[in-house]
Each structure stands twice: as C-alpha cells, then as structure tokens.
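Quick note on numbering: the numbering used here labels position 133 of the first sequence as 124, and the sequence is numbered without any gaps. C-beta: ideal position from N, C-alpha, C; glycine also. From a predicted model like this one, the values you see are computed outputs, not experimental measurements.
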Amino acid sequence: MKTLTRSFYRQPTVDVARGLLGQVLAHGETSGRIIEVEAYLGQNDLAAHSARGITPRTQVIFGSPGHAYVYLIYGMYECLNVVAEPDGVPGCVLIRALTPLTGLDRMRERRGTGDLAGGPGKLTQALGITRAQNGADLTRGPLRILDAGPHQGEILVTPRIGISQSRDLPLRFVLKGER
DNA sequence: GAAGTGATATCCT
DNA sequence: GGATATCACTTCG
C-alpha cells in the first residue's frame, strides 16, 4: 500500500476528511481502517482549537499539511488530528474511530480488555500515539496514513460529537455500516 | 448518569 | 506571577 502524499492533505479540510475515510492509519506494527472523522475549520468554527488564532499549542494546525496534531483532552486522553489546507491556513481532521487491521495483540496489550479503537481516545492508546507524535510527518516515518484506494460504501454526514459550540455544522463523516 | 484528570487559555493582581 | 473555567473522552455505576 502506498502512503498518502502531501498534495492529498493540501486540500480543503472537508475534502481531506471525506478522503480519509477507508484509508489505513498505521503506527509501527499496528494499523486500522479509518471509519469516522470530524473536520475542524479555521474560520467560522468556534469549536476548533484554531478558532482564536495561533498559540503554542495550535501552531501545528497552521503549519504544513500532512502532519499530526496530538493534544491531551480531559487530563487523560490523547486525540489525533491530521493537518489539512496549505501552509499558513488552519484546518484539521480529528480521527474518531478505526477498525483494527494488524497488530491486534499489541493493541490489546496497550488497551486491556474491551473495545480497541472505537473512539478518539481509544485509538490513540491502541496505536501507542501520544503527544510525542505532535508535529510528526504522516508522509514519512513510523506514523503514516496509507492509501487503501477508493472505498465502497456510503458516507454518512452528521453534526459533530461532544462539543458545545458550532454544534449545528455537519462536519462529522462516518463510513456507513462500519459503525 | 457522573466522576476523574491535567493542560491550556484567559482572566486577575 | 497566580487563579479559574473550560475541554474535540472514557469508564464505571
């Protein structure tokens, strides 16, 4: 499988979000198919971390596309985002859920029992992704997204989950039947 | 349905 | 400098 190239990420955030569905997120021996994502825009989107401009934490969102934005939420969970849009333009895609493909034993080791990658905080644990990967290049290195080709199946579009602002925007994308 | 957890941003002195 | 409110979640009851 080929790794997704920089030009794929250098697109409008919503296009990157839709394009990521069905692709394969891989970290070392562990990997999974992306089945649920959310887009976070830079403008007119108060739920986005980048909404109030550039800060030490949000600078990678404004940086080069195809890099990872990893942050800690609620004191205990990491969330993985993919930076979209050209350099200097904010926009990122939150990876919300995977179906595990390889390295299942390793994932179980890291997660313990129960669901492996059905939520944003779970999949980072299962793949061993932490803030150490913040800013990592997804087109090279151990953390990558692979091009699995076009997926068959419908994309469901819904409002985003777990946010208090800009709830109405239809920016959550799910592969139908994979949820 | 609620608690737990700590970094971050935005106030305040 | 310091205090406080908020938060793109998970787990256990």
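Separation of residue j from residue i, as counted between CA atoms
i: Arg43; j: Gly119; result: 30 Å
i: Gly54; j: Asn125; result: 12 Å
i: Phe(-1); j: Val7; result: 7 Å
i: Arg(-3); j: His58; result: 9 Å
i: Arg240; j: Asp128; result: Lying before the first or after the last residue shown, residue 240 is absent from the chain, which here runs from -8 to 170.
i: Ile152; j: Arg131; result: 30 Å
i: Ala117; j: Ile136; result: 16 Å
i: Gly66; j: Gly82; result: 24 Å
Contact belief for residue i with residue j at Cβ below 8 Å, rounded distance in angstroms
i: Leu114; j: Leu89; result: 5 Å
i: Asp78; j: Leu160; result: At roughly 25 Å, the Cβ-Cβ gap does not stay under 8 Å, so Asp78 and Leu160 are not in contact.
Residue i: CB within 7 Å of a non-hydrogen atom of the ligand SAM
i: Ala42; result: Of ligands this structure carries none, so the ligand SAM is not represented either.
Assigned exposure category for residue i - 16 Cβ within 10 Å defines buried
i: Val148; result: exposed
i: Thr121; result: exposed
i: Gln14; result: buried
i: Thr4; result: buried
Do three or more CB pairs link the region 105 to 114 to the region 44 to 53 at distances below 8 Å? no
Taking 8 Å as the cut-off, does the region 92 to 103 touch the region 29 to 45 (at least 3 CB pairs, one atom from each stretch)? no
I'd like the ranges of any beta strand (DSSP E) spanning at least 3 consecutive residues and lying wholly in the region 106 to 157. 134 to 138, 146 to 149
Hey, is the region 9 to 27 in contact with the region 158 to 166, meaning 3+ C-beta pairs nearer than 8 Å? yes
Would you mind listing the beta strand (DSSP E) stretches within the region 29 to 101 that are 3+ residues and don't spill past its ends, in chain order? 59 to 64, 68 to 74, 82 to 93
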